[in-house]
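Novice: 217 is the number that our numbering gives to position 50 of the sequence shown; each next residue is one higher, with no gaps.
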Amino acid sequence: MIRFVGAGPGDPELITVKGRRLLEQADVVVYAGSLVPAAVLGWTRDGCELHDSAAMTLDDQVRVMTAAHATGKAVVRLHTGDPSLYGAIGEQMRALDALGIGYEVVPGVSSFVAAAAALPAELTAPGVSQTVIVTRRPGRTPVPDGQDLAG
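1. In or out: Val203 buried (at least 16 other Cβ within 10 Å) or exposed?
2. Is it true that the CB of Met260 sits closer than 8 angstroms to the CB of Tyr253?
3. Please classify Gly257: is it buried, with 16 or more other beta-carbons within 10 angstroms of its beta-carbon, or exposed?
4. Who does Arg307 pair with in a DSSP beta bridge?
5. Since Asp226 is in the alpha helix (DSSP H), which residue starts that stretch and which ends it?
6. Inspect the beta-carbon positions of His246 and Gly177 and report whether they are closer than 8 angstroms.
7. What residues are listed by DSSP as bridge partners for Asp219?
8. Just the C-alpha distance for Val196 and Asp213, rounded to the nearest angstrom, thanks.
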């Protein structure tokens, strides 16, 4: 099984207990380049293979993960924040589905939640706001048609 793990918003103390445990047990970690703090990678054991995904294509990432999985190694795909939010895990999961390889998604603390805690501020408040919209400006990744916010 391959684990998609959220590393949290940058503060190593905000990774989940499960996420840290999986990193400590991993034989192979594919991580999100300069976005994952060195302290988090420091939890891996001696001999753990570390692969910076910054220069890797999707095919490269899948190849590294599946080759390690095929030899019985514990594999972690480490994302910043929460893997399900701007983590592009869907394409990775579809590739694993096509190969019949199981996976688990371990959530992480997203930066928008950590920012609210740091302020400190509520994201919702009874009688004031019951909705949180998570979006971003177009850049390297375009915003799909019909999902832009009008001023």
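Built from N, CA and C at the ideal position, the CB exists for glycine as well.
On a predicted model such as this, the values are computed, not experimentally measured, just so you know.
Specialist: Once the coordinates are examined:
1. buried
2. no
3. It is exposed - the Cβ of Gly257 has fewer than 16 other Cβ atoms within 10 Å.
4. In DSSP, Arg307 forms no bridge with anything.
5. Leu225 to Ala237
6. no
7. Tyr198
8. 12 angstroms
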